[in-house]
Amino acid sequence: MLLLTYFKTYNDYVTFVHSVYVKSVADNIIALAKYFSAANGALAYNTAWAEESAEYYVDWSVYTIEITKTETNRVEFTANAVLREPGKDPSIYSTTGAMVIESNVWKLEKE
0 MLLLTYFKTY
10 NDYVTFVHSV
20 YVKSVADNII
30 ALAKYFSAAN
40 GALAYNTAWA
50 EESAEYYVDW
60 SVYTIEITKT
70 ETNRVEFTAN
80 AVLREPGKDP
90 SIYSTTGAMV
100 IESNVWKLEK
110 E
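Structure below.
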């Protein structure tokens, strides 16, 4: 585990997750403690989750977002970045997502 000090309190973390994701996804992330957990009053990043995936090596310092579909309260998109896996040539990493309006705020529909 890697200890982080980004969030001063667990409630700050919960508030942040709910500000990014729709309620059902945010509740699931928090319930599973997938990314963070309270440890001795500090928040710890669960590195085991990141290490299981090539997404750990995605370089988001240069990215593009392509809007693929729009509706009144929903938008679908493709996000592209660079995958830099050890021992391999860099390649394009693409992921799709969607955002919806929840309480007058655009929020991600999935992780």
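Mapping of the sequence shown onto numbering that gives the first Met the number 0: position 68 corresponds to residue 67, and the numbering continues sequentially without gaps.
Idealized CB from N, CA, C, for every residue including glycine.
Nothing here was measured: the structure is a model prediction, and the numbers come from that model.
- Within the DSSP secondary-structure output, T77 pairs in a beta bridge with E65 and T95.
- In this structure, the beta-carbon distance from E108 to V24 falls below 8 Å.
- Beyond the five residues adjoining it in sequence on each side, W59 comes within less than 6 Å, by CB distance, of A80 in the same chain, given in chain order.
- Secondary structure note for V16: its alpha helix (DSSP H) is the uninterrupted segment Y9 to V19.
- Selection T8, F15, R73 and L82 evaluated against Y56 yields L82 as nearest (Cα-Cα).
- Linking T94 to A78 through their CA atoms gives a straight-line distance of about 5 Å.
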